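A short write-up of the structure that comes next.
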Amino acid sequence: MTGFSQGFDAQAVELPGWRHAYSGKVRDLYEPAEAAPGESANLLVVASDRISAYDFVLDTEIPDKGAVLTQLSLWWFEQLQVPHHVVSLDVPEAVAGRAMVCQRLDMYEVECIARGYLTGSGLAEYRESGTVTGIELPEGLVDGSKLDPAIFTPSAKADVGEHDENITFEQMARLIGDTPAQRLRELTLDVYRRAESLARERGIILADTKVEFGLDATGRIVLGDEVLTPDSSRFWDAAQYEPGRAQPSFDKQFVRDWLTGPDSGWDRHSGEAPPALPADVVAKTRARYIEAYETLTGQTFTP
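With full-length UniProt numbering applied, the sequence shown corresponds to residues 1 to 303, in that order.
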């Protein structure tokens with residue numbers, strides 16, 4: 001959370017006492033208005049209702065999505081009880097429920113991904129080479145096969161609008177150093193194991209998840225960004241789990257399916273921005289995010 005040069009050109013809300021500093025695909029970051037740019041110890045992190053797909057930020061928003069992401073992340077931070085970046089929920093009324101005051105961290109420039117099941121980009125690589133980020137896997141695995149134990153598959157962060165690049169652990173170690181790489185792998189797999197167990201108790205399979213870490217002012221490794229949300233994880237309904245096919249998921253699958261289906265008229269390889277989402281896709285996507293929150297937490301979602 002230190003570099004603000006490469007961001008998404010969002011229309012950020014003006015907030016009393018805070019100065020807009022950066023916008024990513026989903027989140028807007030603010031610094032205290034009285035602090036010099038880049039000098040504050042804390043940041044205000046606001047989760048918008050923007051949604052991205054295929055490296056585009058869509059024009060259509062999903063109502064309450066930012067509140068779901070924020071409140072679910074807060075719930076997970078409590079369950080995991082690991083050092084994290086949240087300092088306070090004392091935020092401006094205009095963004096209450098979707099914002100957190102967080103420590104400014106020196107973020108590691110890698111995405112830390114734990115995979116307990118084979119799917120997505122990992123499955124695509126496995127079909128080509130029998131490996132995922134250089135890790136050899138047994139023959140005969142299919143879409144949705146369980147990986148036991150879970151594996152750590154990092155990626156290098158890309159600018160907004162670009163693909164993150166899957167890298168090997170050795171490449172990660174060259175980027176950030178051997179000792180930090182080993183520690184991030186341990187922390188990521190520990191977070192995954194604990195979260196996977198909690199989710200399974202609630203009838204949800206945590207197929208994989210992406211987490212991010214940074215260093216605080218004392219040099220301590222801290223869990224940052226969002227954690228274990230439908231935007232950063234694949235959640236599957238355990239009752240419908242069936243290896244060998246794509247699994248129904250608690251995320252933006254309705255959006256992806258519509259964009260790549262015949263009704264959108266959009267070619268994802270054209271380089272053109274996607275069209276606006278129809279109301280029924282928006283409603284179904286919103287309902288799926290809320291269902292994920294309520295199933296995992298056992299709480300009724302309140303925006």
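Glycine is no exception: its CB is placed at the ideal position from the N, C-alpha and C atoms.
Note that the structure is predicted; figures quoted are calculated from it, not measured.
Contact between residue 176 and residue 108 holds: their C-beta atoms lie close to 5 Å from each other, under 8 Å. Of all alpha-carbon atoms in 127, 204, 135 and 130, the one lying nearest the alpha-carbon of residue 149 is that of 135.
For residue 232 and residue 122, the gap between their C-alpha atoms comes out near 15 Å. The distance from the Cβ of residue 142 to that of residue 244 is about 5 Å, consistent with a contact at the 8 Å cut-off.
A straight-line Cα-Cα distance of about 9 Å links residue 75 and residue 227. CA-CA distance, residue 189 to residue 50, rounds to 29 Å.
Out of 303, 223, 15 and 276, the CA that lies nearest to the CA of residue 86 is found in 223. When only Cα atoms are considered, residue 66 and residue 13 end up about 14 Å apart. If you draw a straight line from the Cα of residue 241 to the Cα of residue 101, it is about 38 Å long. Within 10 angstroms of the beta-carbon of residue 27 lie 16 or more other beta-carbons, which makes it buried. Residue 129 and residue 261 have their C-alpha atoms roughly 29 Å apart.
A residue is called buried when at least 16 other Cβ atoms come within 10 angstroms of its Cβ; residue 285 meets this threshold and is buried. The beta carbon of residue 170 is closer than 8 Å to those of 134 in its chain, skipping five residues each way along the sequence.
Here DSSP, grouped into helix, strand and coil, assigns residue 26 to coil. For the pair residue 146 and residue 119, the Cα-to-Cα distance works out to about 10 Å. In this structure, the straight-line span from the alpha carbon of residue 216 to that of residue 274 is close to 38 Å. By the CB criterion at 8 Å, residue 22 and residue 15 fall outside the cutoff.
Assignment of beta strand (DSSP E) within the region 128-188, counting only whole runs of 3 or more residues, yields 146-152 in chain order. Closest by C-alpha distance to residue 82, out of 301, 99, 213 and 59, is 213.
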